[in-house]
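J.: Line by line, the protein sequences are chains A and B.
All residue numbers in the first sequence are consecutive under my numbering, ending with 340.
All residue numbers in the second sequence are consecutive under my numbering, ending with 158.
I am attaching a structure below and will ask some questions about it afterwards.
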Amino acid sequence: MDMTGREIWTTIHGMVFGFIFLLGFSGALYAVYAMRPEWLTAEGMKRTVNLTKASVWALAISAWAAVITGTYIVYPWYRARPPEGATDLGNFPRYLLLADPGTAGWHQFGMEWKEHVAFLAPIAATVVAFAVSYYGPTLARKVGERRAVMIFFIVSFAAAAAAGLFGAFITKAAPVR
Amino acid sequence: MTRMATKISDKPNGPVAAALLAGGIGSALFGLIVFFAALSESFATALNWYNPVGPLSGKSILGVAGFFIAWVVLHALWKDKEINFSGISTASLVLLAVGLLGTFPPVWELFGGG
Numbered sequence: 164m165d166m167t168g169r170e171i172w173t174t175i176h177g178m179v180f181g182f183i184f185l186l187g188f189s190g191a192l193y194a195v196y197a198m199r200p201e202w203l204t205a206e207g208m209k210r211t212v213n214l215t216k217a218s219v220w221a222l223a224i225s226a227w228a229a230v231i232t233g234t235y236i237v238y239p240w241y242r243a244r245p246p247e248g249a250t251d252l253g254n255f256p257r258y259l260l261l262a263d264p265g266t267a268g269w270h271q272f273g274m275e276w277k278e279h280v281a282f283l284a285p286i287a288a289t290v291v292a293f294a295v296s297y298y299g300p301t302l303a304r305k306v307g308e309r310r311a312v313m314i315f316f317i318v319s320f321a322a323a324a325a326a327g328l329f330g331a332f333i334t335k336a337a338p339v340r
Numbered sequence: 045m046t047r048m049a050t051k052i053s054d055k056p057n058g059p060v061a062a063a064l065l066a067g068g069i070g071s072a073l074f075g076l077i078v079f080f081a082a083l084s085e086s087f088a089t090a091l092n093w094y095n096p097v098g099p100l101s102g103k104s105i106l107g108v109a110g111f112f113i114a115w116v117v118l119h120a121l122w123k124d125k126e127i128n129f130s131g132i133s134t135a136s137l138v139l140l141a142v143g144l145l146g147t148f149p150p151v152w153e154l155f156g157g158g
């Protein structure tokens, strides 16, 4: 069960920060959706709002942590160029995937999409966190604003989910060791 | 409900509109940079600001900076104002869609990139 330093960082990127966001999203989304005056008492609204604020900021921070660790720690290992004439590409995932037409698509589509779309997740999540914090309980009466916030949140999740899904597949096909 | 309504005072929607639009601007900016980098190798090379990360370094720094700068500017302009939220919301979502399309590899291939 030994893990290399690179494997530990890859796990932190995906299975800690990414996982926190993807797992916490549905609860936070429902909390925003359920901020309706007809569903909650004043006390219930106050408790819901405080918990929702903490949740959405935690998710936004997780999303930022995921893209920063992914881009500046794990990605350089993924895209490192092998020495001239190297035949064992096991430690050079990008080149390993591209060397075989059967796996090249994991990089040309999977990684190229994942490494870019992921950045939309923390941007959108931060917007959501700000809106929930700014309005607090007032968000319950702001139908249009709540709808826009939920759409941003769903887009944030979709971006993170695409990045996470292809991250998992690519790690299986060509792990960073 | 009545007790809650009397305790909550309405805040202007300007700051939230600013955040939403800034999110859209940052996403669209990032998407367009990614798109044009996929179409132009020289542009991609110019975005290589940190070699271990490659062009993604320049793309991500510009996109994220664009988001935060737009937010600061728009917040300063709208912080005490009531904005036409519907229009700003629609614009923000359209810009978010531009970001999603710009980061999707099949879109690059449609224009000969990738």
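Backbone N, C-alpha and C fix where the C-beta goes; we use that ideal spot for every residue, glycine too.
Please report whether the beta-carbon of W276 of chain A lies at a distance below 9 Å from any beta-carbon of chain B.
T.: For the purposes of this step, residue 276 of chain A is identified with residue 113 of the first sequence, where counting begins at 1. For W276 of chain A, the answer is yes, since a Cβ of chain B falls inside 9 Å of its Cβ.
J.: Alpha carbons only, please: which of A:I175, A:E201, A:T215 is nearest the one belonging to Y298 of chain A?
T.: Reading the first sequence from its first residue, position 135 is the one you call residue 298 of chain A. Per the Cα distances, A:T215.
J.: Alpha carbon to alpha carbon, how far is A323 of chain A from F79 of chain B?
T.: Mapped onto the first sequence, residue 323 of chain A falls at position 160. Mapped onto the second sequence, residue 79 of chain B falls at position 35. Their backbone Cα atoms lie some 19 Å apart in a straight line.
J.: Could you please tell me which residues of the region 81-111 of chain B, in chain order, have their CB closer than 9 Å to any CB of chain A?
T.: Within the region 81-111 of chain B, the residues whose Cβ lies closer than 9 Å to some Cβ of chain A are A82, Y94, N95, P96, V97, G98, L100, S101, K103, S104, G107, V108, F111, listed in chain order.
J.: Anything in chain A within Cβ reach of L76 of chain B, meaning under 7 Å, just list it in chain order.
T.: Start at 1 with the first residue of the second sequence, and residue 76 of chain B comes out as number 32. Within chain A, no residue comes near L76 of chain B; the closest Cβ sits about 12 Å away, beyond 7 Å.
J.: Can you tell which of A:H176, A:A267, A:Y235, A:T250 has its C-alpha closest to the C-alpha of V30 of chain B?
T.: Since the displayed chain B opens at 45 and closes at 158, residue 30 of chain B lies outside it and no answer follows.
J.: Does the region 167-182 of chain A come within contact of the region 221-229 of chain A, defined as at least 3 CB pairs closer than 8 Å?
T.: With the cut-off at 8 Å, the region 167-182 of chain A and the region 221-229 of chain A touch.
J.: How close, in whole Å, do the beta carbons of A120 of chain B and G70 of chain B come, if the pair is a contact with beta carbons under 8 Å?
T.: Reading the second sequence from its first residue, position 76 is the one you call residue 120 of chain B. Reading the second sequence from its first residue, position 26 is the one you call residue 70 of chain B. Incorrect: roughly 16 Å between the Cβ atoms, too far for contact.
J.: Count the other CB atoms within 10 Å of the CB of K125 of chain B; is the residue buried (16 or more) or exposed (fewer)?
T.: Within the second sequence, the letter at position 81 stands for residue 125 of chain B. By the 10 Å Cβ count, K125 of chain B comes out exposed.
J.: Just confirm the distance between the C-beta atoms of F316 of chain A and A336 of chain A, as a whole number of angstroms; I'd bet it's less than 8 Å.
T.: Mapped onto the first sequence, residue 316 of chain A falls at position 153. Mapped onto the first sequence, residue 336 of chain A falls at position 173. Not confirmed; about 31 Å, so no contact.
J.: Quick check on N57 of chain B: does DSSP put it in helix, strand or coil?
T.: Translated into positions along the second sequence, residue 57 of chain B becomes position 13. Three-state result, N57 of chain B: coil.
J.: Taking the continuous alpha helix (DSSP H) assigned at P246 of chain A, which residues delimit it?
T.: Reading the first sequence from its first residue, position 83 is the one you call residue 246 of chain A. Unbroken run through P246 of chain A: none, as it is neither H nor E.
J.: Between the C-alpha atoms of S101 of chain B and A141 of chain B, what's the straight-line distance to the nearest angstrom?
T.: As a first step, residue 101 of chain B is located in the second sequence; it is residue number 57 there, counting from the start. As a first step, residue 141 of chain B is located in the second sequence; it is residue number 97 there, counting from the start. For S101 of chain B and A141 of chain B, the distance between alpha carbons rounds to 22 Å.
J.: Which term fits E275 of chain A, buried or exposed, when burial requires 16 or more other beta carbons within 10 angstroms of its beta carbon?
T.: Here residue 275 of chain A refers to the residue found at position 112 when the first sequence is read from its first residue. Result: buried.
J.: Three or more beta-carbon pairs under 8 Å between the region 79-90 of chain B and the region 145-158 of chain B, yes or no?
T.: With the cut-off at 8 Å, the region 79-90 of chain B and the region 145-158 of chain B touch.
J.: Kindly indicate which three-state DSSP category P264 of chain A falls into: helix, strand or coil?
T.: To locate residue 264 of chain A, count along the first sequence from 1; it is residue 101. Three-state DSSP puts P264 of chain A in coil, outside helix and strand.
J.: Less than 9 Å separating the beta-carbons of S311 of chain A and R199 of chain A?
T.: As a first step, residue 311 of chain A is located in the first sequence; it is residue number 148 there, counting from the start. As a first step, residue 199 of chain A is located in the first sequence; it is residue number 36 there, counting from the start. A quick correction: the sequence has Ala, not Ser, at residue 311 of chain A. Contact flag unset, no.
J.: Give the straight-line distance between the Cα atoms of P56 of chain B and I127 of chain B, rounded to the nearest whole angstrom.
T.: Here residue 56 of chain B refers to the residue found at position 12 when the second sequence is read from its first residue. Here residue 127 of chain B refers to the residue found at position 83 when the second sequence is read from its first residue. Each residue's alpha carbon lies about 8 Å from the other.
J.: Within the 9 Å Cβ cut-off, does K305 of chain A reach chain B?
T.: Taking the first sequence and counting its residues from 1, one reaches residue 305 of chain A at position 142. Output row for K305 of chain A: interface = yes.
J.: Could one say the Cβ of A223 of chain A lies closer than 9 Å to chain B's Cβ atoms, at least one of them?
T.: As a first step, residue 223 of chain A is located in the first sequence; it is residue number 60 there, counting from the start. Not an interface residue.
J.: Check whether chain B comes within 9 Å of I333 of chain A, counting only Cβ atoms and requiring the distance to be less than that.
T.: Residue mapping note: residue 333 of chain A aligns to position 170 of the first sequence, counting from 1. No, I333 of chain A does not count as interfacial toward chain B.
J.: With 8 Å as the C-beta to C-beta threshold (strictly closer), list the residues of the region 55-73 of chain B near chain A in chain order.
T.: Result list: K55, N57, P59, V60, A63, L64, A66, G67, G70, S71.
J.: Buried or exposed for G265 of chain A, going by 16 or more other Cβ atoms inside 10 Å?
T.: Taking the first sequence and counting its residues from 1, one reaches residue 265 of chain A at position 102. Exposed.
J.: Are the beta-carbon atoms belonging to A281 of chain A and A326 of chain A less than 9 Å from one another?
T.: The residue labelled residue 281 of chain A in the question sits at position 118 within the first sequence. The residue labelled residue 326 of chain A in the question sits at position 163 within the first sequence. Yes, the pair counts as a contact, with Cβ atoms nearer than the cut-off.
J.: Give me the Cα-Cα distance between A294 of chain A and K209 of chain A, rounded to the nearest whole angstrom.
T.: Along the first sequence, read from residue 1 onward, the residue named residue 294 of chain A stands at position 131. Along the first sequence, read from residue 1 onward, the residue named residue 209 of chain A stands at position 46. One C-alpha to the other measures close to 16 Å.
J.: Have a look at H270 of chain A and I333 of chain A and give me their C-alpha separation to the nearest angstrom.
T.: As a first step, residue 270 of chain A must be located in the first sequence, where it is residue number 107. As a first step, residue 333 of chain A must be located in the first sequence, where it is residue number 170. Cα-Cα distance, rounded: 8 Å.
J.: With a 10 Å radius around its C-beta and 16 neighbouring C-beta atoms as the bar for buried, classify G171 of chain A as buried or exposed.
T.: Counting from 1 along the first sequence, the entry for residue 171 of chain A is found at position 8. Contrary to the premise, residue 171 of chain A reads as Ile rather than Gly in this sequence. The residue is exposed, with fewer than 16 neighbouring Cβ atoms inside 10 Å.
J.: Could you tell me the distance, in whole angstroms, from the CA atom of Y238 of chain A to the CA atom of F111 of chain B?
T.: Position 75 of the first sequence, counted from the start, is the residue given in the question as residue 238 of chain A. Position 67 of the second sequence, counted from the start, is the residue given in the question as residue 111 of chain B. One C-alpha to the other measures close to 23 Å.
J.: Tell me whether L154 of chain B counts as near the ligand PLP, meaning its Cβ is closer than 8 Å to at least one heavy atom of that ligand.
T.: This structure does not include the ligand PLP; it has no bound ligands of any sort.
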